[in-house]
Structures are given as structure tokens and as C-alpha cells.
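Novice: Got a structure here, written out as C-alpha cells. Questions coming.
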Amino acid sequence: MIGPLLIGLYVFVLAIFVGFEIITKIPPTLHTPLMSGANAISGITLVGAVFAARMGGLNASAVLAFVAIVFATINVVGGFLVTDRMLGMFGRKRKS
Amino acid sequence: MKSDVFSLLYLVSAVLFIVGLKGLTRVRTARRGNALAALAMLIAVATTLLELGSIDYRWIVAGLAVGSTIGAIAAVRVQMTAMPEMVALFNGFGGGASALVAASVLWLELIESNTTATVAATLGGSAAVTVFLSFLIGCVTFSGSVVAFLKLSGRLRGRPIMLPGRHYVNAVLVLGVAVAGWALAFFTTDSDATRLACLVVAAVSLIVGILMVIPIGGADMPVVISLLNSLSGLAASATGFVLGSNVLIISGALVGASGLILTQIMCVAMNRSLGNVLFSGFGETAAGDDSEYQNVSSYSAEEAAMVLESAESVVIVPGYGLAVAQAQHAARELADLLESHGAKVTYAIHPVAGRMPGHMNVLLADADVPYEKLIEMDAANPEMRTTDAVIVVGANDVVNPAAETDPDSPIHGMPILRVFEAQTVLMIKRSLSPGFAGIKNELFERDNTMMVFGDGKKILQAILAELKELSAAA
């Protein structure tokens, strides 16, 4: 049996390889949207923030978790929306 | 059984992140890819809420509401020229969130429960190390990104800020944070000591983030944002290790890989190593003055228009100056007019044009330039020889021939757009002042270069007006 740390490490290393494979194929034209999209994805830490806020109450831990949720949500919502906005410009027909 | 369903939902989310990212490999599918990644995020968050069951949701709902509002307003309002600083700031929020999650876990499990056990005994040895890593990387990402944001938005000067003996200071700080982290993970047994160790780690890593970014000059910003992007992903991954969440580990790793690749691409495009970017304080050398130049010939917009009127192939080379002058729309109008006269017009984009990877493409797309007309450097260079006229707007170092001809030049070896091979180079610039690298550009003195001095937007509009007059007269 391997422990949770090693399983996590397996997952991490394999995901890095998947990331390398996909991202090297992304054309330079799309690098800015890639970056803001990736940024939004890194807001996945929101899951951790929500988990950390589960106890409620008025403790330091709850306040820290609340601020974490705000930060991560800004990152997620803002990141995906602005990426969509940019990608919309790439596809649109020229105004004549 | 129920937990299996949740695990499967997290798996669906992780797969959708990968499929979404894959969508970003093509312009046609990119928008859908982004939407899939957003869906993946929604599934992950919803699953977490379901998994937690009936808990006190007030903090969570309030946090989601406040964050969504701020994020949505920022996303709708931001100008495309301000994209780099916005990405930097969002990055900081992502890193900061990871650090705060780690802090919250430490407070909840140790400090508030007044335990006498160490972090390692409470959370397990590996979680003790990863909670420290997520705290450390998150803090570095946060403060580094905030400094990058301040620099990019012009609130802090762009030139490198060099502190004396900073390498020693950095070494001491890194050592200090490692010791504090070690103590935090394995030795502190009462809540006061644990809290103190936490605060030391936070303070030192915030300082490391600041010191990492302040010595870096404006031209190197694309490298720095890419690197911070990567770090924000790694911080999320580390949080995933703490919480034993595979979806966090996977998506964090994807972002980490993405940021690393972009960092690498940017370094290659400037012919510099990452270490050189981070530690050399490039661009701190005193800027040269106009007197260095001889034989510079200045031309009017009218003369420029006459050259363009007879040109059959035109390449536009946009630099960040184009964005600053808000000249992208004027450039596109000029291109339209030249095309209506039968000329072939393309845009040659240097990989580090703009302030972040791919920035120039977004700015031109914002001005309705079809992306098929944007040519990458490697494809653009072989065409230069047969190009009648090149219009350089707001770019400098990326067209400096010294990168190829002068082995002593600080930019020697950097790949450049070989505009000097074209029949005529129209260089639209405010003055002879140097670019980010702070060096002379001998292109200005070449016989086939016509300097047209002035604001990029105004000059392009003046050329446009002259061209219209010329064609009306003909």
C-alpha cells in the first residue's frame, strides 16, 4: 500500500506532464487568454477555502477562510469572465 | 458510497479542466474550452458544498457573493491595455487565497483548539510540510504579484530597484523561513509558539516576494507574471496536498505547468536565462542620450504616406508603445486603406511585444484585426527581404540589429524582427529615447530608415489623411 502523500505525488507529477503536453500546443496568439484562464483555474483553491470555512463562528480561522473565499472567488469569476471577453474578440466579425 | 459519488464528481471536474485547457489550443474552440473550465470549477465547488452537508453557510455565501461581485465588475471594466496588471492582481488573489487556507487550517486545528501537539502530530508529517509550503508559496505569490501589479500599472517605477547586498539578504531570509517552517511543522507544541512561527513565516515570505520582484525591470515583466502564474498554481496544488484533494492537486499542477512553459518561452524570446532575469537587474544601466546618434533623418507624415502609397507589401510591427498611445485602431484603419489600394498588409508580432505573453494579439483583436493577419516572428522574418515598407510603432529593442551585430550589446543573441532587411523602415517614435533595455538602436541611423517623430496615434492618423488626399488627387 502506498500512502496518501505518494498517491498525491503520483497525481501531481502525471498532471504536470498532461499540462506540458497540452500547453506546448497552444499558439502564441492565445497566450494571454491562456494565462488569464489558467489564473482562473488556480482559483480552485476556493474549494479549500470553502472547506476551511465549514466551522462558521467568529474565530480567526473563520475570518481567514472568509477572506480566502473572497480572494479565490475574485480570481475565479473575474478570470473566467475576462478570458471569455478576450476570446469573444478573437472570434468576432469585423465591423464594416 | 456517498463519498464515492463525491470523488467521481471531483474526477469529472478534473477531466473537464483538462478538456477545457485543450480547447484553448485553437482559436475556434478556445471560448468553449474556457466555458468548460468554468463548468469544472462550478462542479468542484458545488460538490464541496454538498459534501460538507448541513453546516454554517453564512461565511461561505457572503464570501462567494462579495468575491463574485468584485470579480465580475473588474472583468467587465478592465481595458485590454491593462490586462497584464489585472492578471498580476488576480494571480496575487489566487496565491493569497491558498496562503489564507493554510493559515485557517493551522488556526483551526492548532491555535484555537489549544493543542499541545505539534503540527506534524496533529495533521500528519506530510500535511505539516505541505501546509507550510502552501503558506510560503501563497505568501510569496501574493506579495510578488502585488508589486508586479504596482509596477505594471505605473504606481511604482518600472526600472529595477536594486538594494545593496540583496543577494545576502535573500539568502538569509530564505534560510530564516526554512528554519521557522521547520520549527512550525515539527517542534512548536503550544499555541503561542505555533502562532509566532506562523507569523514569522508569513512576514518573511511576504518580504521574499517583494524582494523577488522589485529588482526586475519593465521589459522583463512578461517573465515575472508567467512565473507568478506558475507559483499560484503550485500554491493551489500544495493546498490540495494538505486537504487530500486530487482535483486541487491536478488543476494546480496544470496551472503550474502552464506558467512554467510561458516563462520558458519568454526567456527564450529574450535570450536570457530565468536566473539572469531574476537576479541581474537588467535595464538598470543609465539611459543613453540623443547625442549618440548621427545621420538620423526625420521625415514628415506626408513623406511617409508617399512611401506607403507605392508599397505593395507592408508589415506593421507593433510594440507596447502602440498600446500606450492607444494607436491600435488607427493602425488597423491605415492597414484597411492600404489593403483597399491592393497592398498586402500583415502584422509581425515579437513574442515579448507588450507586457505579457500574447498581449499584442489581444490588443489588435480588440481593434478588430483578424487574427490570421498576425504573423509570428519566425514566420515573419523570411518575408522581410521582399517587403516594401515596414511600419514600426512603439517598438524599439525587438527590432534593434545590435542583437545580431554587436557581441558586446546587452541584448546580443536576443531573437529580433529583422525589419532592417525591408526596403524602407518607417520608425514612428516620440523621440530617440531608448527602449526598456536602455541602449542605442543603430537602426535609427540606417539609410533605409525613415524616422517619423511624434505620438503614434497622431502620426498614423496624419499618414492616413495624407494617403486619402494622395489617392483623391490621383
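Quick mapping for you: the protein sequence lines, in order, are chains H and W.
FYI, in the working numbering the residues of the first sequence are 4 to 99.
FYI, in the working numbering the residues of the second sequence are 1094 to 1567.
We put the CB at the ideal spot given by N, CA and C, even for glycine.
1) Spatial neighbours of H:THR48 within its chain, please: CB distance less than 7 Å, with the 5 preceding and 5 following residues excluded, ordered by chain position.
2) Strictly below 7 Å CB to CB, what residues from chain W border H:ILE44?
3) Check the Cβ of W:ASN1184 against every Cβ in chain H and list those closer than 7 Å, keeping chain order.
4) Where do the N-terminal and C-terminal ends of the beta strand (DSSP E) with W:LEU1467 fall, by residue?
5) The alpha helix (DSSP H) spanning H:PRO7 covers which residue range?
6) With respect to the beta strand (DSSP E) encompassing W:ALA1441, which residues constitute its N-terminal and C-terminal limits?
7) Within 10 Å of its beta-carbon, does W:ALA1566 have 16 or more other beta-carbons around it, so buried, or fewer, so exposed?
8) Round the Cβ separation of W:SER1330 and W:ALA1346 to the nearest angstrom and send it over; I've been treating them as touching at under 8 Å.
9) Report buried or exposed for W:ASN1388, applying the criterion of at least 16 other Cβ atoms within 10 angstroms of its Cβ.
10) If you follow the beta strand (DSSP E) that W:VAL1297 is part of, which residue opens it and which one closes it?
11) Whose C-beta lies closer than 6 Å to the C-beta of W:ILE1556 among residues of the same chain, with five residues either side of it excluded?
12) Considering only C-alpha positions, which residue in the set W:ASP1459, W:ALA1428 and W:VAL1301 is nearest to W:ALA1271?
13) Under 7 Å Cβ-Cβ, which residues of chain W neighbour H:ILE29?
14) In the structure shown, what three-state DSSP assignment does W:ALA1404 receive?
15) If you follow the alpha helix (DSSP H) that W:ILE1153 is part of, which residue opens it and which one closes it?
16) Just curious, the beta strand (DSSP E) that W:THR1517 is in, first and last residue?
17) Does chain H have any CB closer than 8 Å to the CB of W:GLY1080?
18) Taking 8 Å as the CB-CB cut-off, is H:ILE72 touching chain W?
19) For W:PHE1280, does the three-state DSSP call read helix, strand or coil?
20) According to DSSP, is W:LEU1101 part of a helix, a strand, or is it coil?
21) Just to confirm the assignment, what range does the alpha helix (DSSP H) spanning W:ILE1254 have?
22) Taking the alpha-carbon positions, what's the W:GLU1178 to W:PHE1242 distance?
23) Indicate whether at least one CB of chain B lies closer than 8 Å to the CB of W:HIS1422.
24) Within the continuous alpha helix (DSSP H) that includes W:ALA1175, where are the two ends?
25) Indicate whether the contact test is met: 3 or more Cβ pairs, each with one atom in the stretch 1190-1199 of chain W and one in the stretch 1259-1271 of chain W, closer than 8 Å.
26) Given a cut-off of 8 Å, decide if H:ASN42 and W:VAL1180 are closer than it, judged by their beta-carbon atoms.
Specialist: Straight from the coordinates:
1) ALA75
2) PHE1110, ALA1130, SER1344, LEU1347 and VAL1348
3) ASN42
4) 1467-1469
5) Unbroken alpha helix (DSSP H) run through H:PRO7: 7-26.
6) 1437-1442
7) exposed
8) 5 Å
9) exposed
10) Per DSSP, W:VAL1297 lies in no beta strand (DSSP E) segment; the continuous alpha helix (DSSP H) that holds it begins and ends at 1284-1306.
11) ALA1394, ALA1397 and ALA1398
12) W:VAL1301
13) LEU1117 and THR1118
14) W:ALA1404 falls in the coil class under three-state DSSP.
15) 1151-1170
16) That run of the beta strand (DSSP E) goes 1517-1522.
17) A question about residue 1080 of chain W goes unanswered here, because the residues of chain W that appear run from 1094 up to 1567.
18) yes
19) coil
20) helix
21) Element bounds for W:ILE1254: n/a, residue is neither H nor E.
22) Approximately 5 Å between the Cα atoms of the pair.
23) No chain B is present in this structure, whose protein chains are H and W.
24) For W:ALA1175, no alpha helix (DSSP H) encloses it, and the DSSP letter there is neither H nor E.
25) Judged by pairs of C-beta atoms under 8 Å, the stretch 1190-1199 of chain W does not touch the stretch 1259-1271 of chain W, as fewer than three such pairs exist.
26) yes
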